[in-house]
Amino acid sequence: MDEIRQIEELKTGALRELVAIGSTKGLEAWRVGYLGKKSQLTGVLRSLGRLPLATRKAVGARANEVKAELEAGFKQKEQALLGAQLETLSGEEAVDVTLPGRALPEGRLHPVTQVLHEISDIFASMGFKVVEGPEVEWDYYNFEALNIPKEHPARDTMATLWLDYETESGDRPMLLRTHTSPMQIRFMEKVKPPLRIVVPGKVFRYEATDATHIPMFHQIEGLAVDKGISMADLKGTLYEFARRFFGPDRQVRFRCDYFPFVEPGVEMAIECAVCKGAGCRLCGGSGWIEILGAGMVHPKVLERVEIDPGIYSGFAFGMGIERIPMLRYGVDDIRLFYTSDLRFLRQF
Ligand code: FA5
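Quick note on numbering: the sequence shown equals residues -12 to 335 in this note's numbering.
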């Protein structure tokens, strides 16, 4: 058969040429010539229909085989040329495409941010709306409206960082908020009950540092005001939080405490994670770590924002955030969170 002989000659010629090719450009020209749409081989395959049935099968089969052989030859040559090209490049130009990629350093959220999100989510699932407030605050919101007038001794319990801003009468009314409680006032000025909010954020105090105290830390404030809210709602909410965050086995303790903006006032403590209640350096030997102050919103606070304490009542709490991961993971010094030691931070 003439056709078959033609195909064999084509193959021999093509392979001979392929061996001699020395550049990718030459290789591309070869591909177009022997395997492209207008190549002889494609022509043979296209014209099969014109052949008598008996020869058509044999010619078609052989043409396809040769096509596959030429394609394989092309691939092999392409690899060889690429390899040779890499070898001749040197220094920065050389790109070894077979090297595995370099991993990018992975970032993550700071453990305090993680916990802040987790706590906000727990309260959000109980129906509390998450809101934020300013870190630079007026004396009015941080103290005055919270029933802490000037000269009130409670001001001394939160050593304040005052801002260098003086009014004409010589007052310095601007400060870095010492707690998240000013948002109670800001929120209730605008929104009337029923209301339920939590307020996560930074707070600042002019304080010496030790294993459980730092001058900048985070709090999350909680506030719920409605008809008929009682101390039982406050305890139930905080117990539920402790159960979900620390698990059902961790002991929780409530004791009386005093804050001018609640009546009655309490503090809540959690069994120390380091010594399991036996007493250690972290808990000062008591076996407990105080995590929050709380209480029933003082009638004077409600009156200040024009909510009638004869009709409505509410509870509020202010939780210190850093102490929470300390209690969960048994971290024995609060300062570790802010020394930027990646070996410590990467554990969370
Ligand atoms: C307050 O800040 C009140 N605003 C809490 C409150 C809110 C009471 C609503 C009643 C109603 P206190 O100063 O105790 O309270 O701080 C609350 C929590 O912040 C403490 O329980 C503690 O967990 C944390 N905390 C206080 N000072 C520091 C500090 N220097 N470093 C780290 N955490 C602190």
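From the three backbone atoms N, C-alpha and C, an ideal C-beta is built for every residue, glycine too.
Measuring straight from C-alpha to C-alpha, what distance separates residue 235 and residue 224? Walking along the sequence shown from the start, residue 235 turns up at place 248. Walking along the sequence shown from the start, residue 224 turns up at place 237. Going from the Cα of residue 235 to the Cα of residue 224 covers about 14 angstroms.
Could I get the ranges of all uninterrupted alpha helix (DSSP H) runs contained in the stretch 304 to 332, with 4 residues as the minimum, in chain order? 310 to 316, 329 to 332
Residue 349: which of 12, 103, 93 sits nearest, CA to CA? Missing from the structure shown is residue 349; the chain here goes from -12 to 335 and no further.
Could you check how far apart the C-beta atoms of residue 190 and residue 174 are, in whole angstroms? I think they sit under 8 angstroms. Walking along the sequence shown from the start, residue 190 turns up at place 203. Walking along the sequence shown from the start, residue 174 turns up at place 187. Wrong, their Cβ atoms sit about 17 angstroms apart, outside the cutoff.
Apart from the five residues on each side of it in sequence, which residues of its chain come closer than 8 angstroms, Cβ to Cβ, to residue 47? To locate residue 47, count along the sequence shown from 1; it is residue 60. Counting only Cβ-Cβ distances below 8 angstroms, and skipping sequence neighbours, we find 32, 35.
Contact between the stretch 236 to 252 and the stretch 323 to 331 (3+ Cβ pairs under 8 angstroms): no
First and last residue of the alpha helix (DSSP H) that includes residue 337? Within the shown structure, residues of the chain are numbered from -12 to 335, placing residue 337 beyond reach of any answer.
With a 10 Å radius around its C-beta and 16 neighbouring C-beta atoms as the bar for buried, classify residue 164 as buried or exposed. In the sequence shown, residue 164 corresponds to position 177, counting from 1. When all chains shown are included, residue 164 counts as buried.
So, at 8 angstroms on beta carbons, what are the nonlocal neighbours of residue 104 in its own chain, with the 5 sequence-adjacent residues on each side left out? As a working note, residue 104 is residue 117 in the sequence shown. Closer than 8 angstroms at Cβ, skipping near neighbours: 96.
For residue 4, I'd like the list of residues in its chain whose CB is within less than 7 angstroms of its CB, leaving aside the five on either flank, ordered along the chain. Here residue 4 is taken as the residue at index 17 of the sequence shown, counted from 1. If we look at residue 4 and ignore the five residues flanking it on each side, its Cβ neighbours are 17.
Looking at the structure shown, is residue 218 part of a helix, part of a strand, or coil, going by DSSP? As a first step, residue 218 is located in the sequence shown; it is residue number 231 there, counting from the start. Three-state DSSP puts residue 218 in a helix.
So, residue 254 versus residue 244, is the Cβ gap smaller than 8 angstroms? As a first step, residue 254 is located in the sequence shown; it is residue number 267 there, counting from the start. As a first step, residue 244 is located in the sequence shown; it is residue number 257 there, counting from the start. The answer is yes: Cβ separation under 8 angstroms.
May I ask which residues mark the beginning and end of the alpha helix (DSSP H) holding residue 157? Taking the sequence shown and counting its residues from 1, the one referred to as residue 157 is at position 170. Unbroken run through residue 157: none, as it is neither H nor E.
Contact belief for residue 301 with residue 219 at Cβ below 8 angstroms, rounded distance in angstroms: Looking up residue 301 in the sequence shown gives position 314. Looking up residue 219 in the sequence shown gives position 232. With 8 angstroms as the limit, residue 301 and residue 219 do not qualify as a contact, their Cβ atoms being about 13 angstroms apart.
If you measure between the beta carbons of residue 186 and residue 207, is that distance less than 8 angstroms? In the sequence shown, residue 186 corresponds to position 199, counting from 1. In the sequence shown, residue 207 corresponds to position 220, counting from 1. Cβ atoms of residue 186 and residue 207: closer than 8 angstroms.
Distance, residue 93 Cα to residue 130 Cα: Mapped onto the sequence shown, residue 130 falls at position 143. Mapped onto the sequence shown, residue 93 falls at position 106. Between residue 130 and residue 93, the C-alpha separation is close to 43 angstroms.
Quick one: any contact between the stretch 132 to 148 and the stretch 268 to 283, if contact means 3 or more CB pairs under 8 angstroms? no
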